[in-house]
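At position 32 of the sequence shown (counting the first as 1) the number is 147 in my numbering, and the numbers step up by one without a gap.
Below: the structure, in C-alpha cells.
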Amino acid sequence: LIMRPDVIDLTVVAKGQAEILEMIVSENSPVVGKKLKDISPRDFVVVAVYNKEGDLTIPKGNTQINEGNRVLVLAKTRVVPLVKKMFME
Numbered sequence: 116l117i118m119r120p121d122v123i124d125l126t127v128v129a130k131g132q133a134e135i136l137e138m139i140v141s142e143n144s145p146v147v148g149k150k151l152k153d154i155s156p157r158d159f160v161v162v163a164v165y166n167k168e169g170d171l172t173i174p175k176g177n178t179q180i181n182e183g184n185r186v187l188v189l190a191k192t193r194v195v196p197l198v199k200k201m202f203m204e
C-alpha cells in the first residue's frame with residue numbers, strides 16, 4: 116500500500132518507528148553529485164542505489180548519488196519528510 120504518491124514504495128517497520136522508502140533522485144536534489152559520506156545522514160541510511168540502467172549497488176561512503184538514481188532509504192519515521200526533501204526536491 117503506497118501512502119505517499121511521490122514515493123515509489125513504502126514499508127513501515129519497527130512497529131511504526133521506521134520506514135523504508137524507495138525514491139528516484141530528482142535533478143534538483145541537493146544530494147546530486149555528492150558522496151554518501153558527505154551527506155552526513157542522521158537517523159537514516161541509504162541501503163541500496165540503482166542507476167538509470169537498473170544496476171544495483173550496495174552503497175558505501177564513496178558512492179556518489181546521481182540524478183535519476185533510485186534509492187532505498189531506511190529512516191526513522193520522524194525524519195521521513197527531511198529525507199524526501201533531500202532526495203526529491
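Just so you know, even glycine gets a beta-carbon here, dropped at the ideal spot from N, CA and C.
Distance CB(residue i)-CB(residue j) smaller than 9 Å
| i | j | result |
| --- | --- | --- |
| valine 164 | isoleucine 154 | no |
| leucine 151 | threonine 178 | yes |
Integer Cβ distance of residue i from residue j, believed to fall under 8 Å
| i | j | result |
| --- | --- | --- |
| lysine 199 | methionine 138 | 7 Å |
| valine 186 | valine 161 | 6 Å |
Same chain, Cβ closer than 7 Å to residue i, five either side skipped, listed in chain order
| i | result |
| --- | --- |
| valine 194 | Asp158 and Phe159 |
Neighbour-count burial assignment, residue i, 16 or more Cβ in a 10 Å radius
| i | result |
| --- | --- |
| serine 127 | The sequence given here places valine at residue 127; serine does not occur at that position. So valine 127 ends up on the exposed side. |
| asparagine 184 | buried |
| glutamate 134 | buried |
Contact set for residue i: own chain, Cβ-Cβ below 8 Å, skip 5 residues either direction
| i | result |
| --- | --- |
| lysine 149 | Gln179 and Ile180 |
| lysine 175 | Leu151 |
Residue closest to residue i, alpha-carbon to alpha-carbon, out of the options
| i | options | result |
| --- | --- | --- |
| phenylalanine 202 | Gly131, Gln132, Ile135 and Asn143 | Asn143 |
Close beta carbons around residue i, own chain, < 6 Å, minus the five adjacent residues each side
| i | result |
| --- | --- |
| lysine 130 | none |
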